[in-house]
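Enquirer: One structure, as structure tokens, below. Some questions next.
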Amino acid sequence: MTAPTATLQLRVAEARQLNPLIRMLRLRAEDGRPLPGFAAGAHIRVQVSLPDGKTDWRHYSLINFATARNATNAPTDYVIAVRKEAEGRGGSRFMHEHLKEGDTLAIEAPKNDFPLHTGPGGSVLVAGGIGVTPLATMGARRRAEEAPVRMHYAGRSRDLMAFLPELQALLGDDLRVHADAEAGAPLDIDALLDGVPAGDRLYVCGPKVMLDAVLARTQARGWDHDRVHFELFTEPVAEEGDQPFEVELAQSGQRFTVPADQSILDCLIEHGCDPMFDCKRGECGVCAVPVLEGEIDHRDYVLTAREKAEGNVMQICISRAKGARLVLDI
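Per UniProt numbering, residue 1 is the first one in the sequence shown, and the count goes up by one each step.
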């Protein structure tokens, strides 16, 4: 389960299609009162309706281009952008197809798992697709602080990349735009890293393929772990070769079969269990569970290489079994 968080009822004050895939939503309190403040990198959780009639929660980063130092202390609205995922479970389709101006949404107050860090050195922001949303607010914050900042924004094509005019106005020559359709290739991570000064921190948000590439290349270069900060902007999907496996809960003796296209976490929830969790992307570490038997297929971004090699704990929101069975100490 998640820790109790304040829930707000907000009205959709504006709904605007930015391009065929991305919709911007502006949310306000009915009485116009100020909303809880937030820092760059923060997100809200929004309750969505799914096609099967159930409700669920989705994370959306808060966007603010204002460069006043107190711009996000007591905002009158929250701005988010939602990418439509045709193959998803239906949350983004609800936000695109069913939500209209004047409707009310339940949201949880802002939380920040992707904060900007203070200290010397500049900030290099690396955005992939809709992953630009938290980084845009970071760029505005750095401008407000008159601190060095540069953004690399990559996407398939410019017409599918949101907020380009706003980012150009904010960052000017410190914005580098890479469109695969123009370059004929994905963003060159090594070339990007070659241009990062030694004292700068890297902030990365985008799809898993981009994040994995950046982490692999920075690790190969020997970068300190605390120099690279990231947020994954897509929930895990089944990978080629994934197979069903059995999970046994040692404390109760319950056994469940985890399908190839479902996580251990979702399987346990479906069967009435109440495990701790938060991000569902293998980033936060909240859903860590001790493993008594079985070989783990680690897919998280939390555990160290040593912890993964020891094989006695896993993040059940994303990691799986390499064999036919796992025994968890829950």
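No residue lacks a Cβ here, since even glycine has one placed at the ideal position from N, Cα and C.
Taking DSSP as the reference, what is the three-state secondary structure of proline 290?
Expert: The residue you call residue 290 lines up with position 290 of the sequence shown. It is a strand residue.
Enquirer: Taking the alpha carbon of serine 123 as the point to measure from, which residue in Ala140, Leu50 and Val327 has its own alpha carbon closest?
Expert: Position 123 of the sequence shown holds residue 123. Measuring from the Cα of serine 123, the nearest candidate turns out to be Ala140.
Enquirer: Hey, would you say alanine 81 sits closer than 8 angstroms to arginine 11, going by beta carbons?
Expert: Mapped onto the sequence shown, residue 81 falls at position 81. Mapped onto the sequence shown, residue 11 falls at position 11. No, Cβ-Cβ distance for alanine 81 and arginine 11 is not below 8 angstroms.
Enquirer: Locate the alpha helix (DSSP H) running through proline 148, then write down its first and last residues.
Expert: For the purposes of this step, residue 148 is identified with residue 148 of the sequence shown, where counting begins at 1. First-last for proline 148: undefined, no H or E at that position.
Enquirer: Flag this pair as touching only if the segment 161-174 and the segment 220-230 have three or more C-beta atom pairs under 8 angstroms; answer yes or no.
Expert: No, the segment 161-174 does not touch the segment 220-230.
Enquirer: State the Cα-Cα distance for the pair glutamate 87 and cysteine 205, rounded to the nearest angstrom.
Expert: Along the sequence shown, one-based indexing puts residue 87 at 87. Along the sequence shown, one-based indexing puts residue 205 at 205. Taking the straight line from one Cα to the other gives about 21 angstroms.
Enquirer: Could you tell me if alanine 216 is buried or exposed, where buried requires 16 or more neighbouring beta carbons within 10 angstroms of its beta carbon?
Expert: Taking the sequence shown and counting its residues from 1, the one referred to as residue 216 is at position 216. Under this definition alanine 216 is an exposed residue.
Enquirer: For leucine 62 and threonine 137, which I take to be in contact (beta-carbon distance under 8 angstroms), what is that distance rounded to the nearest angstrom?
Expert: For the purposes of this step, residue 62 is taken as residue 62 along the sequence shown, with counting starting at 1. For the purposes of this step, residue 137 is taken as residue 137 along the sequence shown, with counting starting at 1. So it is a contact: roughly 6 angstroms between Cβ atoms.
Enquirer: Could you have a look at leucine 135 and say whether DSSP puts it in helix, strand or coil?
Expert: On the sequence shown, residue 135 is found 135 positions in, with the first residue counted as 1. Leucine 135 falls in the helix class under three-state DSSP.
Enquirer: Going by beta carbon distance, what residues of the same chain come within less than 7 angstroms of phenylalanine 65, once the five residues before and after it are set aside?
Expert: Residue 65 sits at position 65 when you count from the first residue of the sequence shown. Hits under 7 angstroms: Ala136, Ala140, Glu166 and Leu170.
Enquirer: What number of angstroms, rounded off, separates the C-alpha of alanine 324 from the C-alpha of tyrosine 78?
Expert: Numbered from 1 along the sequence shown, position 324 holds the residue referred to as residue 324. Numbered from 1 along the sequence shown, position 78 holds the residue referred to as residue 78. Each residue's Cα considered, the two are about 45 angstroms apart.
Enquirer: DSSP three-state call for valine 126: helix, strand or coil?
Expert: In the sequence shown, counting from the first residue as 1, residue 126 sits at position 126. Here valine 126 sits in strand by DSSP.
Enquirer: Using the C-alpha atoms, what's the distance from methionine 276 back to glycine 53?
Expert: What you label residue 53 is simply residue 53 of the sequence shown in a count that begins at 1. What you label residue 276 is simply residue 276 of the sequence shown in a count that begins at 1. Each residue's alpha carbon lies about 24 angstroms from the other.
Enquirer: Confirm, please, whether the CB-CB distance from valine 291 to valine 313 is below 8 angstroms.
Expert: The count along the sequence shown starts at 1 and reaches residue 313 at position 313. The count along the sequence shown starts at 1 and reaches residue 291 at position 291. Yes. Within cutoff.
Enquirer: For the structure I just gave you, are there three or more beta carbon pairs, one from the segment 145-153 and one from the segment 42-60, closer than 8 angstroms?
Expert: No, they do not touch.
Enquirer: For the UniProt domain "2Fe-2S ferredoxin-type" (245-330), list the alpha helix (DSSP H) runs that are entirely contained and at least 4 residues long, ordered along the chain.
Expert: For the UniProt domain "2Fe-2S ferredoxin-type" (245-330), whole alpha helix (DSSP H) runs of length 4 or above, ordered along the chain, are 264-270 and 305-310.
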